[in-house]
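S.K.: Numbering (this note's numbering), first residue to last: -17 to 758. Virtual Cβ for every residue (Gly too), placed ideally from N, Cα, C. Quick caveat, the model's predicted, so the values are computed rather than measured. Input: one structure, supplied below.
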């Protein structure tokens, strides 16, 4: 025989359709966002890692000043590698961009055609997809490259240029002003030879080399090149930012998305619990009858657990379907908007299914089951009395309803929760106006729902504040570049070379590893530096540390730090003797004599210049990197470009979370008090007056929650920001402008205003007859 309780599930779903539709939509939307991100991240990471073998990505490359002869190639190949020529020409375009043009690759670092077709004639060229999109160049357009016109035949992605670093020493890539392209051999010849660079890529014959073995191999190749010719550049794959930066960045946001999902799931779980509890209170009489008729606690628990579980499971499945079809593409576009990636195929992610479907369903079911188990501990008689709060043992001694009516001495009343009489003349709550006391009673009677509403508003405030703060934070970081820039031009040299430029100041530089993520630059500067106003310590083991480095790792003056060299692993210990206001990078400053003694670089060693003027008598072959203001701002420009689309999404999602939580719980309070509302209408109160009582009580909670959440969310985000950046490379100071706080409160109040209009409709629908029907 079928369980007759099953027939109630459909009826309950119809009666509470608005509530369950809202919960379903929000859960499915949240799961869709996280599922889409996880699927896109897993699929694109797999494609990225697969590309090393699929497109035969190099193990390293070197650039020679002159074309390498056959003897040099043979000498390098005797080291255990195979060498391939990858000549390129670096040409300028009409819009001021720089284009690095290669011949079509067939053997190593092969390209992936993403749209259109490969060049077939000398007048055709295939551009990097990201560079073309950012410069509004479409397939079929004609571009001018160093005076020569080419027709864009297609979009490509070069497997060794997933991040557009023009020079490996650049602080950040720039896909807007620098790009790569391929053309036919005859098209390559059209560009002339003035900007020809003799680059060669190598591939190890032994693919199982360890990192240490690869470093030794690179050193041997470097010595061979120096012995046989004039080498301009040598980079192994592990150090090639154009190849590795993308892979290092992928997955960095994974923990943030998963944390976001489970915060929402826990909040939704408690909302399900509160709404289920309200349903039990509304149907207490029917539940008491069913329990008295022989239905066990387990049967009733399973029945009332079924609908929340079904809705959660349906939302999880719908969210996954939406994530795999629509949101996945949007999340992939976020990566494609920053990096020049090869094509990918969507992969089934068991991890994503576990994290977004299995675990959320279990969490919500457990939370709801705990609420139901606690409620069903009371007996059938209390359900019949519609009293789900009374202590069972106290109920054996007196009938609370009868005691409520007993009157004590004059000026006092009997409190069923207090053994004696309370003097109403000393009751401070009675000094309040009637309407204020009524609203206070509403808040106290529904304190659980209001508490969960406050918690939900807090989490929504965290998301909203994060979305609103990102743009000002990046702008603030960009402004710090102007304040923190040491000199207008900072040259890093390959070898010490004297110059005649006025006020060009020598410095020594060495890069050390802080940990696996971060590196720090150690500067050796002169005592009377005209670019750095520092009081340098006299001891060789003492340094001045940049404020950004000290802030990220929680250091203070007097602390001792240990750093190491990247390849040799040699360690250096320093004591922090002072702090320098330099937020945009990690740096240590010491005197040049102390630098020479520490790193055993004697004889007035230097490998860089600070200068406010461009050094024109310095040949390019001696320059490793030139750092200018535009280079330093590449970080903020790239962050704004890659994350700009997330700002509005976070803000919009947070507002929806505000509205959903307030709507569900405020509607729950109205439904729970529908009998009281009906009675108030019988007493002559209009719908607008009833709304003032209940909606204003909710409004008080909303305003208080908004105000407190605004400040608490700042504290939480500050801690989360530091924790998040500890797992990332570099440092961006935490910053929130004061104008953000009134914006948050205004957005929250606007959301509540809209919800209030919807609740007004619900209050109007409550009939006066309801109170008469449900009277005991």
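Give me the Cα-Cα distance between residue 288 and residue 307, rounded to the nearest whole angstrom.
M.R.: Taking the first residue of the chain shown as position 1, residue 288 is located at position 306. Taking the first residue of the chain shown as position 1, residue 307 is located at position 325. Looking at the two C-alpha atoms, the distance is approximately 28 Å.
S.K.: Would you say the beta carbon of residue 192 is closer than 7 Å to some non-hydrogen atom of the ligand ADP?
M.R.: In the structure on display, the ligand ADP does not appear, and there are no ligands present to speak of.
S.K.: Starting from the Cα of residue 272, find the closest Cα among 440, 741, 366 and 588 and give me that residue.
M.R.: For the purposes of this step, residue 272 is taken as residue 290 along the chain shown, with counting starting at 1. It is 366 whose Cα lies nearest to the Cα of residue 272.
S.K.: So what's residue 285 in DSSP terms, helix, strand or just coil?
M.R.: If you number the chain shown from 1, residue 285 lands on position 303. Looking at residue 285 - three-state DSSP - the assignment turns out to be helix.
S.K.: Which value, in whole angstroms, describes the spacing of the CA atoms of residue 99 and residue 137?
M.R.: Here residue 99 refers to the residue found at position 117 when the chain shown is read from its first residue. Here residue 137 refers to the residue found at position 155 when the chain shown is read from its first residue. Each residue's Cα considered, the two are about 8 Å apart.
S.K.: Look at residue 647 and residue 435 and say whether their C-beta atoms are less than 8 Å apart.
M.R.: Along the chain shown, read from residue 1 onward, the residue named residue 647 stands at position 665. Along the chain shown, read from residue 1 onward, the residue named residue 435 stands at position 453. Yes, the pair counts as a contact, with Cβ atoms nearer than the cut-off.
S.K.: What residues match up with residue 569 in a beta bridge as DSSP calls it?
M.R.: Translated into positions along the chain shown, residue 569 becomes position 587. For residue 569, which the question treats as bridged, DSSP gives the partners 503.
S.K.: Would you kindly work out how many angstroms separate the C-alpha atoms of residue 305 and residue 345, rounded to a whole number?
M.R.: Working through the chain shown from its first residue, we reach residue 305 at position 323. Working through the chain shown from its first residue, we reach residue 345 at position 363. Cα to Cα, the separation comes out at about 21 Å.
S.K.: Are three or more beta carbon pairs between the stretch 5 to 23 and the stretch 145 to 159 nearer than 8 Å?
M.R.: No, the stretch 5 to 23 is not in contact with the stretch 145 to 159.
S.K.: Tell me which residues share the same chain as residue 698 and place their Cβ nearer than 7 Å to its Cβ, disregarding the 5 neighbours each side in the sequence.
M.R.: Residue 698 sits at position 716 when you count from the first residue of the chain shown. Here the set comprises 444.
S.K.: Spatial neighbours of residue 90 within its chain, please: CB distance less than 8 Å, with the 5 preceding and 5 following residues excluded, ordered by chain position.
M.R.: In the chain shown, residue 90 corresponds to position 108, counting from 1. Taken in chain order, the residues that qualify are 38, 39, 40, 66, 68, 183 and 185.
S.K.: Once you ignore the five residues that flank residue 124 on each side, which residues in its own chain have a CB closer than 8 Å to its CB?
M.R.: The sequence position of residue 124 within the chain shown is 142, counting from 1. These residues qualify, in order along the chain: 131, 132, 133 and 134.
S.K.: Give the single residue among 335, 51, 358 and 460 whose Cα lies nearest to the Cα of residue 286.
M.R.: If you number the chain shown from 1, residue 286 lands on position 304. The shortest C-alpha separation from residue 286 is found at 358.
S.K.: How would you write the range of the beta strand (DSSP E) that residue 47 sits in, first residue to last?
M.R.: Numbered from 1 along the chain shown, position 65 holds the residue referred to as residue 47. No beta strand (DSSP E) contains residue 47, which DSSP labels as neither H nor E.
S.K.: Taking the C-alpha atoms as reference points, what is the distance between residue 723 and residue 335?
M.R.: Here residue 723 corresponds to residue number 741 of the chain shown, with the count starting at 1. Here residue 335 corresponds to residue number 353 of the chain shown, with the count starting at 1. Each residue's alpha carbon lies about 37 Å from the other.
S.K.: Hey, residue 793 and residue 282 are a contact pair by Cβ (cut 8 Å); roughly how many whole angstroms apart?
M.R.: Outside the displayed span of the chain (-17 to 758) sits residue 793, for which this structure offers no information.
S.K.: So does the stretch 594 to 601 actually touch the stretch 544 to 559, counting three or more Cβ pairs closer than 8 Å?
M.R.: Contact between the stretch 594 to 601 and the stretch 544 to 559 is absent, because fewer than three Cβ pairs lie under 8 Å.
S.K.: For residue 728, name the three-state secondary structure that DSSP assigns.
M.R.: Residue 728 sits at position 746 when you count from the first residue of the chain shown. In this structure, residue 728 counts as helix in the three-state DSSP scheme.
S.K.: Spatial neighbours of residue 63 within its chain, please: C-beta separation below 6 Å, excluding the five flanking residues on both sides.
M.R.: Within the chain shown, numbered from 1, the residue matching residue 63 stands at position 81. These residues qualify, in order along the chain: 184 and 186.
S.K.: Can you tell me whether DSSP reads residue -1 as helix, strand or coil?
M.R.: As a working mapping, residue -1 is identified with position 17 in the chain shown. Here residue -1 sits in helix by DSSP.
S.K.: Whose C-beta lies closer than 7 Å to the C-beta of residue 588 among residues of the same chain, with five residues either side of it excluded?
M.R.: Taking the first residue of the chain shown as position 1, residue 588 is located at position 606. Here the set comprises 478, 488, 489 and 490.
S.K.: Consult DSSP for residue 100 and reduce its assignment to one of helix, strand or coil.
M.R.: By one-based count along the chain shown, residue 100 stands at place 118. Three-state result, residue 100: coil.
S.K.: I'd like to confirm the pairing. Which residues does DSSP put opposite residue 110 in its beta bridges?
M.R.: Locating residue 110 in the chain shown gives position 128, where the first residue counts as 1. Residue 110 is bridged to 138.
S.K.: Considering Cα atoms alone, identify which of 117, 417, 253 and -10 is closest to residue 667.
M.R.: Stepping through the chain shown from its first residue, residue 667 is reached at position 685. Residue 667 has its Cα closest to that of 417, out of 117, 417, 253 and -10.
S.K.: Throw me the rounded Cβ distance for the residue 569 and residue 503 pair, which I believe falls under 8 Å.
M.R.: Here the question's residue 569 lines up with position 587 in the chain shown. Here the question's residue 503 lines up with position 521 in the chain shown. That pair is a contact at about 5 Å.
S.K.: State the CB to CB distance for the pair residue 337 and residue 203, rounded to an integer number of angstroms; the pair is presumed to be in contact (CB under 8 Å).
M.R.: Position 355 of the chain shown holds residue 337. Position 221 of the chain shown holds residue 203. 44 Å between Cβ atoms; not a contact.
S.K.: When the distance is taken between beta carbons, is residue 653 closer than 8 Å to residue 260?
M.R.: Here residue 260 is taken as the residue at index 278 of the chain shown, counted from 1. Here residue 653 is taken as the residue at index 671 of the chain shown, counted from 1. Going by C-beta atoms, residue 260 is nearer than 8 Å to residue 653.
S.K.: Between which two residues does the beta strand (DSSP E) carrying residue 318 extend?
M.R.: For this step, residue 318 is matched to residue 336 along the chain shown. From DSSP, residue 318 is part of no beta strand (DSSP E) but of the alpha helix (DSSP H) over 310 to 318.
S.K.: Tell me which same chain residues have a C-beta within less than 6 Å of the C-beta of residue 781, skipping the five on either side of it?
M.R.: A question about residue 781 goes unanswered here, because the residues of the chain that appear run from -17 up to 758.
S.K.: Find the nearest neighbour of residue 79 within the set 715, 117, 442 and 675, judged by alpha-carbon distance.
M.R.: Locating residue 79 in the chain shown gives position 97, where the first residue counts as 1. That would be 117, whose Cα lies nearest to the Cα of residue 79.
S.K.: For residue 290, count neighbouring C-beta atoms within 10 Å of its own C-beta (all shown protein chains included) and say buried if the count is 16 or more, exposed if not.
M.R.: Here the question's residue 290 lines up with position 308 in the chain shown. Buried, because 16 or more other Cβ atoms sit within 10 Å of the Cβ of residue 290.
S.K.: Residue 717 and residue 608: beta carbons closer than 8 Å?
M.R.: Along the chain shown, read from residue 1 onward, the residue named residue 717 stands at position 735. Along the chain shown, read from residue 1 onward, the residue named residue 608 stands at position 626. Not in contact: residue 717 and residue 608 (Cβ atoms no closer than 8 Å).
S.K.: Can you tell me which of 631, 677 and 672 puts its alpha carbon nearest to the alpha carbon of residue 649?
M.R.: Within the chain shown, residue 649 is the residue found at index 667, counting from 1. Cα-wise, what sits closest to residue 649 is 677.
S.K.: Can you tell me whether DSSP reads residue 126 as helix, strand or coil?
M.R.: The count along the chain shown starts at 1 and reaches residue 126 at position 144. If DSSP states are grouped into helix, strand and coil, residue 126 belongs with the strands.
S.K.: At 3 residues or longer, and completely inside the stretch 159 to 208: list those beta strand (DSSP E) runs for me, N to C.
M.R.: For the stretch 159 to 208, whole beta strand (DSSP E) runs of length 3 or above, ordered along the chain, are 160 to 165 and 178 to 186.
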